[in-house]
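Read through the structure below, which is laid out as structure tokens, and then see the notes.
Protein chains: 2
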Amino acid sequence: MELLKGTLDVLILKTLSHRPLHGYGISRWLRETTREAFQVEEGALYPALRRLEKRGFLESRWEESETGRQAKFYRLTAAGKKELARSLRSWHDYVDVMARVLESPSG
Amino acid sequence: MELLKGTLDVLILKTLSHRPLHGYGISRWLRETTREAFQVEEGALYPALRRLEKRGFLESRWEESETGRQAKFYRLTAAGKKELARSLRSWHDYVDVMARVLESPSG
DNA sequence: TGACATACATAAGTGTTCGATGCATAGTGA
DNA sequence: TCACTATGCATCGAACACTTATGTATGTCA
Numbered sequence: 000m001e002l003l004k005g006t007l008d009v010l011i012l013k014t015l016s017h018r019p020l021h022g023y024g025i026s027r028w029l030r031e032t033t034r035e036a037f038q039v040e041e042g043a044l045y046p047a048l049r050r051l052e053k054r055g056f057l058e059s060r061w062e063e064s065e066t067g068r069q070a071k072f073y074r075l076t077a078a079g080k081k082e083l084a085r086s087l088r089s090w091h092d093y094v095d096v097m098a099r100v101l102e103s104p105s106g
Numbered sequence: 000m001e002l003l004k005g006t007l008d009v010l011i012l013k014t015l016s017h018r019p020l021h022g023y024g025i026s027r028w029l030r031e032t033t034r035e036a037f038q039v040e041e042g043a044l045y046p047a048l049r050r051l052e053k054r055g056f057l058e059s060r061w062e063e064s065e066t067g068r069q070a071k072f073y074r075l076t077a078a079g080k081k082e083l084a085r086s087l088r089s090w091h092d093y094v095d096v097m098a099r100v101l102e103s104p105s106g
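Protein sequences, first through last, are from chains C and V. Under numbering that gives the first Met the number 0, think of the first position of the first sequence as 0, with each following residue one higher. Under numbering that gives the first Met the number 0, think of the first position of the second sequence as 0, with each following residue one higher.
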């Protein structure tokens with residue numbers, strides 16, 4: 000399933016709200032949680048991570064992964080937590096507005 | 000509120016499922032139905048209408064509008080109705096998958 | 001040694017939406 | 001009569017985000 004442009008950020012923020020994680024781990028967790036429905040491409044993921052870090056919502060550190068290799072772990076900042084809350088509200092609002100249109104009685 | 004890229008088409012199809020309508024009317028109906036939340040810009044709307052017509056989901060005809068002026072009325076084709084049904088399913092599926100992630104228990 | 005999973009990253013291409021702008025007609029109110 | 005607002009079409013450029021493709025490198029296991 001293709002991602003709707005604009006929804007990747009909140010997915011990442013939510014994923015990181017559980018625990019710090021590296022890019023590959025984020026991708027894998029999302030794939031599993033969505034039962035293969037969302038396959039986040041690296042070309043989308045890494046730019047998104049940099050974008051979010053640049054905006055101050057994430058910070059990163061090289062650490063050792065579960066497999067013993069070096070990996071860049073991202074964690075939510077305080078600003079990131081606020082942004083996650085905002086994004087969740089936005090998403091729900093959006094879904095509500097869409098419903099107003101899509102569930103209007105058809106002619 | 001900004002539109003998520005990819006959601007405009009289904010909004011247009013749904014709007015036209017009620018009755019044939021011209022661009023300006025689509026824009027106005029959407030604005031009213033969403034209580035000002037979605038303001039579809041002309042620069043997005045007209046290209047989208049042409050796109051949908053080109054794909055065979057809409058057909059257009061110049062007719063007289065309620066105000067007595069000539070306007071291009073778009074109506075759903077049979078293919079457009081099928082596409083609307085498909086799009087509605089897609090949207091609902093998407094919302095469900097998003098929920099799986101966004102409502103996962105936070106750490 | 002060769003395949004596969006892990007892990008990073010960038011570049012090119014595509015598609016969609018937004019914002020700005022332009023044209024034209026009609027009605028309303030000062 | 002002038003200005004403003006609403007109606008209605010349309011195009012163009014910029015911005016943005018995602019996809020596809022590609023490259024690098026390490027570790028593990030058969």
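For glycine and all other residues, C-beta sits at the position ideal for the given N, C-alpha and C.
Handout entry: Reference residue 47(V); option with closest CA among 84(V), 25(V), 68(V)
Key = For the purposes of this step, residue 47(V) is taken as residue 48 along the second sequence, with counting starting at 1. Nearest to residue 47(V) by C-alpha distance, out of 84(V), 25(V), 68(V), is 25(V).
Exercise for the section: Tell whether a beta-carbon distance below 7 Å holds between residue 73(C) and residue 15(C). Expected result: Position 74 of the first sequence, counting from 1, holds the residue named residue 73(C). Position 16 of the first sequence, counting from 1, holds the residue named residue 15(C). With contacts defined as CB atoms closer than 7 Å, residue 73(C) and residue 15(C) qualify as a contacting pair.
Handout entry: chain C contacts made by the segment 47-78 of chain V, where a contact means CB separation under 9 Å
Key = If you check each beta-carbon in the segment 47-78 of chain V against every beta-carbon of chain C, none falls closer than 9 Å.
Handout entry: Per DSSP, cross-strand counterpart(s) of residue 69(C)
Key = Position 70 of the first sequence, counted from the first residue, corresponds to residue 69(C). Answer is 63(C), bridged to residue 69(C).
Handout entry: Close Cβ partners of residue 114(C) (< 6 Å) along its chain, the five nearest in sequence each way excluded
Key = Past the boundaries of the shown model lies residue 114(C); chain C is included only from 0 to 106, so the question cannot be answered.
Practice task
Tell me whether the beta-carbon of residue 65(V) lies closer than 7 Å to the beta-carbon of residue 59(V).
Solution key: The residue given as residue 65(V) occupies position 66 in the second sequence. The residue given as residue 59(V) occupies position 60 in the second sequence. No, Cβ-Cβ distance for residue 65(V) and residue 59(V) is not below 7 Å.
Handout entry: Cutoff 7 Å: residue 39(C) Cβ touching any chain V Cβ
Key = Along the first sequence, one-based indexing puts residue 39(C) at 40. Among the CB atoms of chain V, none fall inside 7 Å of the CB of residue 39(C).
Practice task
Compute the Euclidean distance between the alpha carbons of residue 82(V) and residue 9(V), then round it to the nearest angstrom.
Solution key: Counting from one through the second sequence, the residue named residue 82(V) turns up at place 83. Counting from one through the second sequence, the residue named residue 9(V) turns up at place 10. Residue 82(V) and residue 9(V): Cα-Cα distance of roughly 9 Å.
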